[in-house]
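Visitor:
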Amino acid sequence: MMNPVREYRKCEIADKRQLEDIVGADNVIDDPTVLEEHTHDMSFTAGRPPVLVVRPKQAQQVQEIVKWANRTLMPLIPVSSGPPHFKGDTVPALGGLIIDLSGMKNILRIDRRNRVAMIEPGVTFGALRPEIEKHHMRLMLPLAPRVTKSIVGSYLEREPILVPKYHWDMSDPLCCTEVIFGTGDMFRTGAAAGPGTLEEQWESGQAQKNPLGPGPSDLFRVVQGAQGTLGIVTWATIRLELLPSVQKLFMVGCERVDEIIDFVYRLQRLKLGDECLILDRLNLASILEQDAQSMEELRSALPPYILILVIAGYDRFPEERVDYQTKDIVEIAERYGVHPVTALPGVDSRKLLQALSEPSAEPYWKLRYKGNSADIFFLTTLDRCPQFVETMGRVAGETDFPTTSIGTYIQPIQQGRSCHVEFDLAFDPNNVMEAARTKRTFEQASRVLMQEGAFFSRPYGMWSAMISSQYAENVIALRKVKRIFDPNNVMNPGKLYF
Amino acid sequence: MALRGDIYRLFESVVGPENISDDPAVLRSYMYQPFGAKEGVWADISPAAVIMPSSTEEVVAIAKICNRYGIVFKAMSTGWGMHNLPGVEGAVSLDLRRMNRILEIDEKNMYAVVEPHVICMQLQVEAMKKGLNCHIIGAGSNTSVLASATSVVGYGPDGLSMGFSGRNLLGVEWVLPTGDVLKLGSLGADSGWFCGDGPGPSLRGIMRGWEGAWGGLGVFTKGAVKLFHWNGPTELEMKRTPPNYVLKEPLRFFKVSLFSFSTIEKLAEAALKLGEAEIGYFISRLSPSFVGLQLASGANYVATWNTGMLQQMLKYAFLFVIFANSEREFEYQQKLLAQILEETDGQTSPISETKEMQEQTSTAVIKVDAVVRSCFRTTGGFNTSFGSMDTVDLAMNQIKAGTELKDKYINKGVIMDDGGDNSATLAFDQGHLAYTEMLIMYDHHDRDSAEGACQYLAESNQACLDKKLGPPIFQISQIGKGKHGAFGPACFNYDSWLRKIKGEFDPNNTSDPTAYASPE
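See the structure below:
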């Protein structure tokens, strides 16, 4: 771990008063119950209790807190989404201060002309979606995010979105950001940097859409994927797309993933269709049904893997767009020997379309089957997915983890050039033996998958240590970056390689 | 300033005697760089030697020697501008022309792995054999694929469907100024070339940004760039002789048209609507002057221009290309296009419907091979201004500001009368991003003209500051305060972060800082 931040186990009264001066007494919380909630999450990550939770409402307060942390060497753990958390990145490694950004939930701007919105980090998918739809636009969603999930948090984590054709670059759909670096300096990335204030830029026709720059820097990219270790984003602009006025759902069921891979490649290459993803029957059932019994019933009626493809029409000749794409896709499907259908036994098409366009209903879909899920996710190319699916099954066999409790999700990204692969290991958190077996399976599978070439691009928890040993030159380079933007290591110390 | 003999011999031991030179005649030839803003076409500073490495290992060895002996290096690939040369005395120039191999084309995953001197045309020819195509920057198909992806800007008119070079980079191999090698993204994890970001924070964030580090932060020796579907033949058959060659047969589901509008606002509306309708392969605002330059020889251009016909017909116009993957898609796109033109009073220019124009423009659109000759042909020198990327509306305001400013210099007679508005406006990512750069043509053999061009560029950069139009495309030494000196303070002091990055990654300031920044 990088120095010089120190471990904090308790809060001095003077510290609390200084923080109260910044954010107000009501926004500094030392209630042991609240602190205890932040000591762990749904993952296997072990943590230490924070000493305080602070809830800033403005960027200036965030900046003052970061400067204060540099003076006191108090660790800061930024959190923007509400619970439950799953990846361990918001569990304090050294204690310290939770900066709860969920109260910064202003929608600062929605710009229909330029298809962009400016939002604070506490804005959730659930909160923004209806506002965007009033302007006949839509958000790019990850797969049924939990209702408390911060949009800025999701995009900063590079979570995959469901429509690969809109994923031009790995950073999409994130555009510009305002960030407070670990030094306490405020910065704006991309076109938002200037010249001019935001108002002056709007006057000159700008909308903070270009994520690149200023100059030869893309500092939003170093904040993205950093798990809060380099800075805190206080607003971001995000790309929006037109709201479909017509949608048509297709599904392709198959016994093995490799039966549909070439078809998916072709669709992505031609940018045909909108949402495009592969789920196994457990994950599809988990998304569509609320309780374990209904899920089991649906699952038993489904093929092992299902390709889900949505074709959409927007403002102009929507029906005709759906019609030509349908005909083209059907022709391509014939060439690849696959059979898209508009209905599968037990699947309510309307319900599925709805599930793909909004946050998950409660309880969150990954908790429905057994109460918790340990997710292994990484990037690879579509042609390698069958191999990784097989590997996951083999490791599960070795650790006696039931393959029937593994959900699979494959999401093409970068317009089909790569994909996110996710294995969701469902388990009962109240069953000690089952939790231990899941942890063992999670660790072993992660190691084997990485050895076989799975790219853990978002290394949470134990994955960062695995990466460190394999990726030494880049870790050295990233530590240089850390020295630049957070020399005192106050930002979420103990995470990643810092 | 000559290299010391012992140091020269060290470099020689790396690349062999045939791949290094300090012969004044050879060095002088490198100093000829036609793109710049000064009188004459010769750089003021000569490299102390030119070295031509052929591999990553040789680049690493050269960088380490440079660090040991305090020699500055500057890498160049295909460049044709002053910015490709060292900006300090005693530096060595790394000419990467021997690193010209296409290492891999991954047809399924749609990317190519290239070395720095692979040019766009070379890659396009090989990609088309596999039904793929590559983004080509406006500077033309003779430019390095990797340089625009890793180091310098990356605008190109096919960006509507094939993006911006800086966003098209996947895995990359990067020799740092110290000689250490980084492999970014999935490449560093031995997982393949398919991703340039992570694990964790992306080092792409300090690598190039919007405009690129211009060789100020090491050398990029291999990189994977995105390829895109190509629905044309695997080999393009041509007729006539270069440079007037054209496609022998029209492409299927391909239609190129020049549309004109009554006002700049209507042109902007059309561009926005086409973008969000997600149609089109290529869009480029074309000024009357630029259309004339594309169509005619130098002498004919003047005659045509003087008739006033181009100015009248094409005051506000853009070139738009549909290139569909099926007949159904082709019909659908045409229907949408017609509706949008009707809403915006867009008119199809009769010029674009002639057989000659269709042939010529189709070829130029695919191969992007006619831009440069158009720029240099009339006056021998050209430069460009404005160029920040964000929205269509910003692009329109860049046009207005540039036109107003240029008129003054045209009236003085120091730059070519191209009507003032000689702008190239392009859109990227199906209309999500847009930009304009404003071209000027001048005679760099004429002192008054060259000085006028420099004054215009300085004034246009100042207009970017004053009118909040984004940082200009070429800040280098054009505003009097050095690179980033004027725009850093106006943009959250980004230059101070560059100096910190430089200090961490190039503590000896070995990779030429002239176009980037020096450590604090």
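Protein chains in written order, with our numbering: chain V, -9 to 488; chain W, 2 to 521.
Using N, Cα and C, we set each Cβ at its ideal position, and we do this for glycine too.
Keep in mind it's a predicted model, so treat the numbers as computed, not measured.
#1: Under 6 Å Cβ to Cβ from A325 of chain W, same chain only, skipping five residues before and after it: list those, please.
#2: Counting only beta-carbon atoms, is E149 of chain V nearer than 9 Å to chain W?
#3: For S350 of chain W, return the contacting residues in chain V, with the cut-off set at a CB-CB distance below 9 Å.
#4: Report the residues of the region 179 to 194 of chain W with a CB closer than 8 Å to any CB of chain V, ordered along the chain.
#5: Going by other Cβ atoms of all chains shown within 10 Å of its Cβ, with 16 needed for buried, is A49 of chain V buried or exposed?
#6: Taking the alpha-carbon of E54 of chain V as reference, which of V:T138, V:E10, V:R136 has the nearest alpha-carbon?
#7: For the region 78 to 104 of chain V, which residues have a CB atom closer than 8 Å to at least one CB atom of chain W, in sequence order?
#8: Taking Cβ to Cβ, would you say K485 of chain V is nearer than 9 Å to G172 of chain V?
#9: Can you check whether the CB of D198 of chain W is closer than 9 Å to the CB of L185 of chain W?
#10: If you reduce the DSSP assignment to three classes, tell me which class Y317 of chain W lands in.
#11: Assuming contact is defined by CB atoms lying nearer than 9 Å, are V41 of chain V and L146 of chain V in contact in what I supplied?
#12: Quick one: what's got a C-beta closer than 6 Å to A364 of chain V's C-beta in the same chain, skipping five residues either side?
#13: Is V213 of chain V close to chain W? Criterion is C-beta to C-beta, closer than 9 Å.
#14: What residues match up with V369 of chain W in a beta bridge as DSSP calls it?
#15: Between I416 of chain W and V52 of chain V, what straight-line distance do the alpha-carbon atoms span, to the nearest angstrom?
#16: Hey, how far is the Cα of W453 of chain V from the Cα of G14 of chain V?
#17: Cα-Cα, which of V:S71, V:K95, V:L133, V:P65 is closest to W355 of chain V?
#18: So is the beta-carbon of L239 of chain V under 8 Å away from any non-hydrogen atom of the ligand NAD?
#19: How would you list, in chain order, the residues of chain W whose beta-carbon sits under 9 Å from the beta-carbon of L260 of chain V?
#20: Would you identify the three-state DSSP class for I400 of chain V, choosing helix, strand or coil?
#21: Using only CA atoms, which one of V:L91, V:P120, V:M32, V:P477 lies nearest to V18 of chain V?
#22: Looking at chain V, is there any beta carbon in it that lies within less than 9 Å of the beta carbon of T392 of chain W?
#23: Closer than 7 Å, Cβ to any Cβ of chain V: which residues of the region 244 to 261 of chain W, in chain order?
#24: For a contact meaning CB atoms closer than 8 Å, what does F210 of chain V contact in chain W?
#25: Closer than 9 Å, CB to CB, is F493 of chain W near chain V or not?
#26: Could you name the residues of the region 187 to 205 of chain V whose beta carbon sits closer than 9 Å to any beta carbon of chain W, in the order they occur along the chain?
#27: What span of residues does the alpha helix (DSSP H) with L267 of chain V cover, start to end?
#28: For V319 of chain W and T235 of chain W, I'd like the C-alpha separation in whole angstroms.
#29: Within 10 Å of its beta-carbon, does K341 of chain V have 16 or more other beta-carbons around it, so buried, or fewer, so exposed?
#30: Using the Cβ count rule (16 or more neighbours within 10 Å means buried), how would you classify R187 of chain V?
#31: Enumerate in chain order the residues of its own chain whose CB-to-CB distance from D513 of chain W is below 8 Å, with the five nearest sequence positions on each side excluded.
#32: How many angstroms separate the CA atom of N423 of chain W from the CA atom of L311 of chain W?
#33: Can the beta-carbon of P402 of chain V be found closer than 9 Å to that of C266 of chain V?
#34: For M397 of chain W, would you say it is in contact with chain V, using Cβ-to-Cβ distances shorter than 9 Å as the test?
#35: Nearest-angstrom Cα distance between I480 of chain W and N462 of chain W?
#36: If we require 4 or more residues per run, which alpha helix (DSSP H) segments fall completely within the region 417 to 455 of chain V?
Guide: Taking the geometry as given:
#1: Residue numbering aside, residue 325 of chain W sits at position 324 when the second sequence is read from its first letter. If we look at A325 of chain W and ignore the five residues flanking it on each side, its Cβ neighbours are F254, F331, Q334.
#2: Translated into the one-based positions of the first sequence, residue 149 of chain V becomes position 159. No, no contact with chain W.
#3: Here the question's residue 350 of chain W lines up with position 349 in the second sequence. Ordered by position in chain V, no residue passes the 9 Å Cβ test against S350 of chain W, which lies about 23 Å from the chain.
#4: Correct list: D181, V182, L183, K184, L185, G186, S187, G189, A190, D191, S192, G193.
#5: As a working note, residue 49 of chain V is residue 59 in the first sequence. In this structure A49 of chain V is buried. Its beta-carbon is surrounded by 16 or more other beta-carbon atoms within 10 angstroms.
#6: Position 64 of the first sequence, counted from the start, is the residue given in the question as residue 54 of chain V. Of all alpha-carbon atoms in V:T138, V:E10, V:R136, the one lying nearest the alpha-carbon of E54 of chain V is that of V:E10.
#7: The region 78 to 104 of chain V vs chain W, Cβ under 8 Å: R103, N104.
#8: Position 495 of the first sequence, counting from 1, holds the residue named residue 485 of chain V. Position 182 of the first sequence, counting from 1, holds the residue named residue 172 of chain V. No.
#9: Within the second sequence, residue 185 of chain W is the residue found at index 184, counting from 1. Within the second sequence, residue 198 of chain W is the residue found at index 197, counting from 1. Contact: yes.
#10: The count along the second sequence starts at 1 and reaches residue 317 of chain W at position 316. For Y317 of chain W, the three-state secondary structure derived from DSSP is coil.
#11: Translated into positions along the first sequence, residue 41 of chain V becomes position 51. Translated into positions along the first sequence, residue 146 of chain V becomes position 156. In this structure, V41 of chain V keeps its C-beta atom at 9 Å or more from the C-beta atom of L146 of chain V.
#12: Numbered from its first residue, the first sequence carries residue 364 of chain V at position 374. Closer than 6 Å at the Cβ level, and outside the excluded window around A364 of chain V, lie L415, T428, F432.
#13: Sequence index remark: in the first sequence, residue 213 of chain V carries index 223 (1-based). For V213 of chain V, the answer is yes, since a Cβ of chain W falls inside 9 Å of its Cβ.
#14: For this step, residue 369 of chain W is matched to residue 368 along the second sequence. V369 of chain W is not bridged to any residue.
#15: Within the second sequence, the letter at position 415 stands for residue 416 of chain W. Within the first sequence, the letter at position 62 stands for residue 52 of chain V. Rounded to whole angstroms, I416 of chain W to V52 of chain V spans 51 Å at the Cα level.
#16: What you label residue 453 of chain V is simply residue 463 of the first sequence in a count that begins at 1. What you label residue 14 of chain V is simply residue 24 of the first sequence in a count that begins at 1. The C-alpha of W453 of chain V lies about 38 Å from the C-alpha of G14 of chain V.
#17: One-based indexing of the first sequence puts residue 355 of chain V at position 365. Of the residues V:S71, V:K95, V:L133, V:P65, the one whose Cα lies closest to the Cα of W355 of chain V is V:L133.
#18: Of the ligands one can find in the structure shown there are none, so the ligand NAD has no counterpart to examine.
#19: Residue 260 of chain V sits at position 270 when you count from the first residue of the first sequence. Within chain W, the residues near L260 of chain V are H230, N232, N326, S327, E330.
#20: Along the first sequence, one-based indexing puts residue 400 of chain V at 410. Strand.
#21: Within the first sequence, the letter at position 28 stands for residue 18 of chain V. When C-alpha distances from V18 of chain V are compared across V:L91, V:P120, V:M32, V:P477, the shortest belongs to V:L91.
#22: On the second sequence, residue 392 of chain W is found 391 positions in, with the first residue counted as 1. Chain V, which has a Cβ nearer than 9 Å to the Cβ of T392 of chain W, makes this yes.
#23: Those residues of the region 244 to 261 of chain W that come within reach of chain V (Cβ to Cβ, closer than 7 Å) do not exist; the list is empty.
#24: The sequence position of residue 210 of chain V within the first sequence is 220, counting from 1. Near F210 of chain V (Cβ distances below 8 Å), the residues of chain W are G206.
#25: Taking the second sequence and counting its residues from 1, the one referred to as residue 493 of chain W is at position 492. Nearest CB-CB separation between F493 of chain W and chain V: below the 9 Å threshold.
#26: Per Cβ criterion, the list reads T187, E190, Q191, E193, S194, G195, Q196, A197, Q198, K199, N200, P201, L202, G203, P204, G205.
#27: Here residue 267 of chain V corresponds to residue number 277 of the first sequence, with the count starting at 1. Residue range 266 to 270 is occupied by the beta strand (DSSP E) that includes L267 of chain V, with no alpha helix (DSSP H) assigned at that position.
#28: Residue mapping note: residue 319 of chain W aligns to position 318 of the second sequence, counting from 1. Residue mapping note: residue 235 of chain W aligns to position 234 of the second sequence, counting from 1. The amino acid at residue 319 of chain W is misidentified as Val; the sequence shows Phe. When the Cα atoms are used, F319 of chain W and T235 of chain W turn out to be separated by approximately 28 Å.
#29: Taking the first residue of the first sequence as 1, we reach residue 341 of chain V at position 351. Label assigned to K341 of chain V: exposed.
#30: Locating residue 187 of chain V in the first sequence gives position 197, counting from the first residue. Sequence inspection shows Thr at residue 187 of chain V; the Arg mentioned does not correspond to that position. For T187 of chain V, the number of other beta carbons within 10 angstroms of its own is below 16, and it is reported as exposed.
#31: Counting from one through the second sequence, the residue named residue 513 of chain W turns up at place 512. Excluding sequence neighbours, D513 of chain W sits near V73, F74, K75, P87, G88, V89, A92, G216, G217.
#32: Position 422 of the second sequence, counted from the first residue, corresponds to residue 423 of chain W. Position 310 of the second sequence, counted from the first residue, corresponds to residue 311 of chain W. In a straight line, the C-alpha of N423 of chain W is about 12 Å away from that of L311 of chain W.
#33: To locate residue 402 of chain V, count along the first sequence from 1; it is residue 412. To locate residue 266 of chain V, count along the first sequence from 1; it is residue 276. Between P402 of chain V and C266 of chain V, the C-beta gap is smaller than 9 Å, which places the two residues in contact.
#34: Walking along the second sequence from the start, residue 397 of chain W turns up at place 396. It does: the Cβ of M397 of chain W has a partner Cβ on chain V nearer than 9 Å.
#35: As a working mapping, residue 480 of chain W is identified with position 479 in the second sequence. As a working mapping, residue 462 of chain W is identified with position 461 in the second sequence. Summary for I480 of chain W: the model assigns pLDDT 42, below 50, so the residue's position carries little reliability; its value from the coordinates is reported in the next sentence. In this structure, the alpha-carbon of I480 of chain W lies about 7 Å from that of N462 of chain W.
#36: Listed in chain order, the complete alpha helix (DSSP H) runs (minimum 4 residues) inside the region 417 to 455 of chain V are 422 to 441.
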